[in-house]
Amino acid sequence: MEQQLIDTTYKLIDTTYSISDTVGIAEKLSKVFIGEGSPIQSIFKWLHIIAGITWIGLLYFFNWINGHFAATLDADTKKKVVPELMPRALYWFRWGAAWTWVTGVVLLLVVYYHGGLTFDDGDWSVNAFVMIAVTFLGVFIYDFLYKTGLAGNVRVITIISFVLIAVITYLMKEWAGFSYRAFNIHIGSLLGTNMAFNVWFRIWPAQQQIISAIKNGEAPDGDQLALAGLRSKHNTYMSVPLIWTMINQHHAAGVLSGGNFGVTDGTNWVPLMVMVALGWHVVWQLYKKSGKVQGM
Numbered sequence: 001m002e003q004q005l006i007d008t009t010y011k012l013i014d015t016t017y018s019i020s021d022t023v024g025i026a027e028k029l030s031k032v033f034i035g036e037g038s039p040i041q042s043i044f045k046w047l048h049i050i051a052g053i054t055w056i057g058l059l060y061f062f063n064w065i066n067g068h069f070a071a072t073l074d075a076d077t078k079k080k081v082v083p084e085l086m087p088r089a090l091y092w093f094r095w096g097a098a099w100t101w102v103t104g105v106v107l108l109l110v111v112y113y114h115g116g117l118t119f120d121d122g123d124w125s126v127n128a129f130v131m132i133a134v135t136f137l138g139v140f141i142y143d144f145l146y147k148t149g150l151a152g153n154v155r156v157i158t159i160i161s162f163v164l165i166a167v168i169t170y171l172m173k174e175w176a177g178f179s180y181r182a183f184n185i186h187i188g189s190l191l192g193t194n195m196a197f198n199v200w201f202r203i204w205p206a207q208q209q210i211i212s213a214i215k216n217g218e219a220p221d222g223d224q225l226a227l228a229g230l231r232s233k234h235n236t237y238m239s240v241p242l243i244w245t246m247i248n249q250h251h252a253a254g255v256l257s258g259g260n261f262g263v264t265d266g267t268n269w270v271p272l273m274v275m276v277a278l279g280w281h282v283v284w285q286l287y288k289k290s291g292k293v294q295g296m
C-alpha cells in the first residue's frame, strides 16, 4: 500500500512537470509568434499600413481631386470615364478599407488584449467590456445620429459628435481604467470602424447606383449622391484624428512621451481632444484649398 502511494505520488509529480513544461513551451511559443516584436505582429503591422495607405490615399483622391475634376466633365465624357474609372478605384478603396480594419482588429487583440497593454494598474471588468462594445458598436449610434434632423445643422451635429467622442474617451480612461495607449487606440478603432462601415454599407452601395445611372445615360439619384458624398466627407474628417491615434498609441503617458504634451495626470485625455479638433480644422482648410487647385 505504501509503495503504491509512493508510485502514485511520483506519477503526479511527473504529470505536474509535464503540464508545467507544456505551459512553459506554450508561453514561449506565444512570445515568439505573437509577442512584442514577433513575426506575426510585424507582418500584421506591415499589412495594416499597406492597406491603410491604399484606402486613405484613394479617400483623399476622391474628396480633394476627383470630385472637382468630375465637375468639369460633360455628360458624354462622364458616360465614358465614370464606368471605367470608378469601379476600378472603388475596388481598391473598399478592399483597402476591409483589410485595414481586419488587420487593425488582429493587432488590437494581439498587442492589447493578449499583450496586456490595455490597463496600467487595473484588470478586466464589466466597465472595460462595455467600452470595448462601444468601440465596435458605436457605429450604429453614429449612423442613426446622421439620419436624424440634426444632421441638417452642420455646426450642431459637429459639436454633438465632438462631445460624444470626448465623453467616450473620458469613460475609457476614468470608468474602464484604460491606459493612455489603450484609450488612444480604442478611439482610433471607433473612428476606423465608423469609416469602414461607411465604405461598405453607405458609400459603395450608393456608388453602384450612381455608376449604373451614368453608364445608362441617366441622372444619378440625388439622395444617393448626397449620401455617398457626405459619408466620404465624414471619413476624410475622421481619418486625420485616426492617424494621430495610430501614431500616439506607441507612446506611454510619460512627460516626454509626445502626444500628451507633457500632461501626465488625470486629464491626459484632453490633448487627444485638442488633436481631434485640430485635425478637423486641418481637413476643413484642405477642402477649401482643394477647390482652388485648377487643371491646365
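With full-length UniProt numbering, the residue at position 271 of the sequence shown is 271, and numbering never jumps.
All residues carry an ideal CB built from backbone N, CA and C; glycine is no exception.
From a predicted model like this one, the values you see are computed outputs, not experimental measurements.
Residues bridged to residue i (per DSSP)
| i | result |
| --- | --- |
| F178 | F119 |
Span separating the alpha-carbon of residue i from that of residue j
| i | j | result |
| --- | --- | --- |
| N127 | G138 | 15 Å |
| L286 | W64 | 8 Å |
| L58 | H281 | 21 Å |
| V102 | V240 | 19 Å |
| A228 | G122 | 42 Å |
| K45 | D76 | 44 Å |
| T81 | P205 | One point to set straight first is that residue 81 is Val, not Thr, in the sequence displayed. Going by the C-alpha atoms only, they are around 19 Å apart. |
| T72 | L272 | 39 Å |
| I211 | P220 | 8 Å |
| I19 | I159 | Confidence at I19 is low in this model, with a pLDDT of 48, below 50, so its placement is unreliable and the value that follows should be read with caution. Taking the straight line from one Cα to the other gives about 56 Å. |
| K288 | A70 | 17 Å |
| G217 | I157 | 36 Å |
| Y60 | D74 | 23 Å |
| residue 334 | S179 | The question about residue 334 has no answer here: the residues shown for the chain are numbered 1 through 296. |
| S38 | V163 | 38 Å |
| W99 | D223 | 29 Å |
| K233 | F62 | 9 Å |
| residue 308 | L108 | Given a span of 1 to 296 for the chain in the structure shown, any question on residue 308 remains unanswerable. |
| V106 | W92 | 21 Å |
| F129 | K292 | 47 Å |
| I43 | V110 | 12 Å |
| F144 | V154 | 15 Å |
| L85 | T54 | 16 Å |
| W200 | S290 | 26 Å |
| W284 | Q294 | 18 Å |
DSSP three-state assignment for residue i, whether helix, strand or coil
| i | result |
| --- | --- |
| D223 | helix |
| W269 | coil |
| T158 | helix |
| G229 | helix |
| N184 | helix |
| Y170 | helix |
| V139 | helix |
| A26 | For A26, the predicted structure reports a pLDDT of 43, less than 50, and the residue's modelled location is therefore unreliable. A value from the coordinates is still provided. DSSP places A26 in helix when its eight states are reduced to three. |
| N153 | coil |
| residue 325 | Residue 325 is absent from the structure shown; the chain starts at 1 and stops at 296. |
| G279 | helix |
| N194 | helix |
| S212 | helix |
| Q294 | coil |
| residue 313 | Outside the modelled stretch of the chain, which goes from 1 to 296, sits residue 313, for which no answer is possible. |
| Y237 | helix |
| Q249 | coil |
| K147 | coil |
Beta-carbon proximity of residue i to residue j, cut-off 7 Å
| i | j | result |
| --- | --- | --- |
| D245 | I165 | The residue asked about is misnamed: residue 245 is Thr in this sequence, not Asp. Contact: no. |
| T118 | W269 | no |
| I184 | Y142 | A quick correction: the sequence has Asn, not Ile, at residue 184. No; because the gap between Cβ atoms is not below 7 Å, this pair is not in contact. |
| G96 | A51 | yes |
| M238 | M172 | no |
| K78 | I203 | no |
| G104 | H68 | no |
| T135 | L191 | no |
| N198 | N248 | no |
| L278 | Q207 | no |
| Y112 | A226 | no |
Beta carbon proximity, residue i to chain D, threshold 7 Å
| i | result |
| --- | --- |
| K173 | No chain D is part of this structure, which consists of one protein chain only. |
- prompt: Counting only runs that start and end within the region 52-133, where is the alpha helix (DSSP H) found for 4 or more residues in a row?
  reply: If we require 4 residues or more, the alpha helix (DSSP H) runs fully inside the region 52-133 come out as 67-70 and 75-107.
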